[in-house]
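The sequence shown begins at 1023 in this note's numbering and counts up one residue at a time. We put the beta carbon where it would ideally sit given N, CA and C, even for glycine. Report on one structure; see the data block that follows.
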Amino acid sequence: MMLILASASPRRRELLEEWGYDFRLASAPVDEYLPPDVWPETGVQDLARRKALSGFEAWLDLSGSADDLVLGADTIVVLDHIVLGKPADEEEAERMLLNLSGKTHRVMTAIALAAMDKVRQQISVETAVEITTVSFRELKVQEIKDYITTGEPMDKAAAYGIQGGAAGFVTAVSGSWSNVVGLPMELLVRKLGDKGISPKK
């Protein structure tokens, strides 16, 4: 059984590599829209599930084996029950970061593992979600603007990357740091181990 990552995120690739996993890539576009009335934990798991299913189908289209395991993931940020996804433009990125300034928010990453159920002859998907609490110091408008000009916020939930230029914004992290980057590795290691996939020696 081979691990297949259904994601175009370089951060997720880097985390898997750093933790010693062998894997291949296979992803297909998925609409990441979350209806406003959906509970965040439910919505993020649904997105991860759809990404895993889409990746499984893409892997089969690439002549991959139906015996392989496909990993999908999605990350959202929740501030005062409001979901912050990827910013549509620089103005939205600035608004998001201003809202996060001086406050504590939750980062939720859902993982989904898709595999072929040989008994039912259909794809089954197992999901789980990790929640990490992150606190920001008070941010100045100019430093937010300077950060946005780097381009880093534009493809990230809530317009920041804890592993990049926004590291200095953070005053506290409670929970999994890798979860904030995009994959809750501690959780994922356990789930993959249950499926018989371990890091290379």
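(Q) So the candidates are A1050, G1065 and L1120; which of them puts its Cα closest to the Cα of S1076? (A) Here residue 1076 is taken as the residue at index 54 of the sequence shown, counted from 1. Ranking the options by Cα distance to S1076, first place goes to A1050.
Q. How about G1187 and R1159: do their beta carbons lie closer than 8 Å?
A. Against the sequence shown, residue 1187 aligns to sequence position 165. Against the sequence shown, residue 1159 aligns to sequence position 137. No, the Cβ-Cβ distance between G1187 and R1159 is not below 8 Å.
(Q) Under 8 Å: do the stretch 1061 to 1070 and the stretch 1158 to 1175 share three or more Cβ pairs, one atom per stretch? (A) Because the criterion of three Cβ pairs below 8 Å is not met, the stretch 1061 to 1070 and the stretch 1158 to 1175 do not touch.
Q. Do F1078 and A1136 have their CB atoms nearer than 8 Å?
A. Translated into positions along the sequence shown, residue 1078 becomes position 56. Translated into positions along the sequence shown, residue 1136 becomes position 114. The criterion of a C-beta distance shorter than 8 Å is satisfied by F1078 and A1136.
Q. Is G1197 closer than 8 Å to I1133 when the C-beta atoms are compared?
A. Taking the first residue of the sequence shown as position 1, residue 1133 is located at position 111. Taking the first residue of the sequence shown as position 1, residue 1197 is located at position 175. No, Cβ-Cβ distance for I1133 and G1197 is not below 8 Å.
Q: Report back the beta-carbon spacing between P1221 and W1061 to the nearest angstrom; my notes put them in contact at under 8 Å.
A: Counted from its first residue, the sequence shown places residue 1221 at position 199. Counted from its first residue, the sequence shown places residue 1061 at position 39. Actually they do not touch by this definition, with Cβ atoms about 33 Å apart.
Q.
By the DSSP assignment, the beta strand (DSSP E) with Q1067 in it spans what residues?
A. What you label residue 1067 is simply residue 45 of the sequence shown in a count that begins at 1. Taken as a continuous stretch (DSSP letters only), Q1067 belongs to no beta strand (DSSP E), being part of the alpha helix (DSSP H) at P1062 to D1083.
Q | Local Cβ density within 10 Å of K1217, reported as buried at 16 or more and exposed below that | A | Indexing the sequence shown from 1 puts residue 1217 at position 195. Exposed.
Q. If you scan the stretch 1075 to 1144 from start to end, which runs of the alpha helix (DSSP H) of 4 or more residues do you find wholly inside it?
A. DSSP runs (the alpha helix (DSSP H)) wholly in the stretch 1075 to 1144: 1112 to 1122.
**Q.** With 16 other Cβ atoms within 10 Å as the buried cut-off, status of S1029
**A.** Mapped onto the sequence shown, residue 1029 falls at position 7. When all chains shown are included, S1029 counts as buried.
**Q.** Between the CA atoms of G1086 and N1121 - distance to the nearest angstrom
**A.** Start at 1 with the first residue of the sequence shown, and residue 1121 comes out as number 99. Start at 1 with the first residue of the sequence shown, and residue 1086 comes out as number 64. Rounded to the nearest angstrom, the two C-alpha atoms are 44 Å apart.
Q: In the DSSP assignment, find the alpha helix (DSSP H) that holds S1200 and state where it starts and stops.
A: Here the question's residue 1200 lines up with position 178 in the sequence shown. Here the alpha helix (DSSP H) through S1200 covers W1199 to V1203.
Q) Just the Cα atoms here: how many angstroms apart are L1161 and V1192? A) Counting from 1 along the sequence shown, the entry for residue 1161 is found at position 139. Counting from 1 along the sequence shown, the entry for residue 1192 is found at position 170. Going by the C-alpha atoms only, they are around 10 Å apart.
Q.
Just to confirm before moving on: does the CB-CB distance between L1027 and R1033 stay below 8 Å?
A. Working through the sequence shown from its first residue, we reach residue 1027 at position 5. Working through the sequence shown from its first residue, we reach residue 1033 at position 11. Against a cut-off of 8 Å, the Cβ pair of R1033 and L1027 comes out as no contact.
Q. What residue range is occupied by the uninterrupted alpha helix (DSSP H) comprising T1172?
A. Position 150 of the sequence shown holds residue 1172. Here T1172 belongs to no alpha helix (DSSP H), and DSSP marks it neither H nor E.
Q: Would you kindly report the start and end of the unbroken beta strand (DSSP E) that includes L1047?
A: Translated into the one-based positions of the sequence shown, residue 1047 becomes position 25. Counting along the chain, the beta strand (DSSP E) containing L1047 begins and ends at F1045 to L1047.
Q: Report the option in V1105, D1089, A1070 and F1045 whose CA atom is closest to the CA atom of P1057.
A: Along the sequence shown, one-based indexing puts residue 1057 at 35. Closest option to P1057, Cα to Cα, is V1105.
Q. Relative to the alpha-carbon of P1109, which residue among H1103, K1178, K1213 and T1155 has its alpha-carbon at the smallest distance?
A. Translated into positions along the sequence shown, residue 1109 becomes position 87. Nearest of H1103, K1178, K1213 and T1155 to P1109, Cα basis: K1178.
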